[in-house]
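Numbering (my numbering), first residue to last: 46 to 227.
The beta-carbon is built from N, C-alpha and C at its ideal position, and this holds for glycine as well.
From a predicted model like this one, the values you see are computed outputs, not experimental measurements.
The structure appears right after this line, and notes come after that.
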């Protein structure tokens, strides 16, 4: 998956003079409020407060964690800050001049089952064989495969299996690939 870039909106409107540094002599309650409360976060880059910046450009390999059955904790909003109950991914920003960017890549881990499924597809022809070879090259280079590439490969294998019957190499590989995406 290509890393997306996201800049979350500013919480509240900008106040006149909101980009000025506080001097400590402001009346109580007029300075910028800040703080971050997170109740679960599977990503990176949070920023809160005056001209705060954060960036995540990491690489994550593995399947996203399946959501818990229980709801995330109820987190009261922090005035001028960020409160997150559950977030999968990255990038959140709050406050005047705050900016948070997530350029991370998420790859699905190359499990033994995935590697075996790709080996099965070496005997196929045409677009399916080429797509499997691309996935194998990506795994060799990065240790994982982009979810979009895996979805495309699962669809190709599913179509090939449907045209000749489910117990072919394409049918077996389609089941493995589809299972990895769910």
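Burial state of residue 168 (16 or more Cβ within 10 Å): exposed
Can you tell me the Cβ-Cβ gap for residue 180 and residue 194, rounded? I've got them flagged as a contact below 8 Å. Confirmed, about 6 Å.
Name the one or two DSSP bridge partners that residue 93 has. Looking at the DSSP assignment, residue 93 forms a beta bridge with 139.
By how many angstroms is the C-alpha of residue 219 removed from the C-alpha of residue 202? 5 Å
Delimiting residues of the alpha helix (DSSP H) encompassing residue 182: 171-187
Name the two residues that bound the continuous alpha helix (DSSP H) containing residue 146. From DSSP, residue 146 is part of no alpha helix (DSSP H) but of the beta strand (DSSP E) over 144-147.
Should residue 222 and residue 175 be called a contact, given that it needs their Cβ atoms to be closer than 8 Å? The answer is no: Cβ separation not under 8 Å.
Would residue 127 pass as a contact of residue 84 if the rule is Cβ separation under 8 Å? no
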